[in-house]
Amino acid sequence: MMFAGLLAINVLLNNSVGSSLLGLANGLAMSVTALGRTVGPITFGIVYSWSLKNVENTLKGYKSLGFPFNEYLVFLLIGLSTFILCLLAILIPKRLNKRKIDAEEKPLITAS
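Residue numbers for the sequence shown follow our numbering, beginning at 1044 and rising by one.
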């Protein structure tokens, strides 16, 4: 599923810029992807361990936070972020589905 999403993003990215900026756009996209793959697990791991500590406090008899902040918190956050990304994907303009051609590019086939 993740690879299908990355493929779709790359197709839209390649269609949204001309060939003169294609390398820059792909490099920037890969850098942001790598940053997300680094920061995401760290962030959600910290949230998950905090929520498990909250559950542990409940078992020890201390007052702790209730449902949204128990062991299900990280899964609720992942679901929420997925829902927001799906909404954003619906709002992508249709004009990005066509290949952008720079002014200096010449078409390979010319009609005569």
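Idealized CB from N, CA, C, for every residue including glycine. Quantities reported herein were computed from a predicted structural model and do not represent experimental measurements.
C-alpha distance - residue i paired with residue j, whole-angstrom precision
{"i": "Ser-1124", "j": "Gly-1109", "result": "21 Å"}
{"i": "Glu-1114", "j": "Lys-1096", "result": "9 Å"}
{"i": "Pro-1084", "j": "Leu-1134", "result": "27 Å"}
{"i": "Leu-1050", "j": "Pro-1111", "result": "34 Å"}
{"i": "Lys-1103", "j": "Leu-1130", "result": "41 Å"}
{"i": "Leu-1078", "j": "Ser-1094", "result": "24 Å"}
{"i": "Ala-1132", "j": "Gly-1048", "result": "10 Å"}
{"i": "Gly-1070", "j": "Leu-1119", "result": "32 Å"}
{"i": "Ile-1052", "j": "Tyr-1105", "result": "47 Å"}
Cβ pair residue i, residue j closer than 8 Å
{"i": "Ala-1072", "j": "Leu-1055", "result": "no"}
{"i": "Val-1082", "j": "Leu-1116", "result": "no"}
{"i": "Asn-1058", "j": "Lys-1137", "result": "no"}
{"i": "Ala-1068", "j": "Val-1075", "result": "no"}
{"i": "Asn-1100", "j": "Ser-1092", "result": "no"}
Cβ neighbours of residue i in the same chain (closer than 6 Å, five flanking residues each side left out)
{"i": "Phe-1126", "result": "none"}
Cutoff 8 Å; reference residue i; Cβ partners in own chain excluding five residues on either side
{"i": "Leu-1128", "result": "none"}
{"i": "Gly-1088", "result": "none"}
Proximal residues to residue i (C-beta, below 7 Å), its chain only, five neighbours per side dropped
{"i": "Ala-1065", "result": "Correcting the residue type first, residue 1065 is Leu in the shown sequence and not Ala. Within the same chain, Leu-1065 has close Cβ partners Asn-1057."}
Contained alpha helix (DSSP H) runs [length at least 4] in the stretch 1066–1145, N- to C-terminal order
The qualifying runs are 1116–1133.
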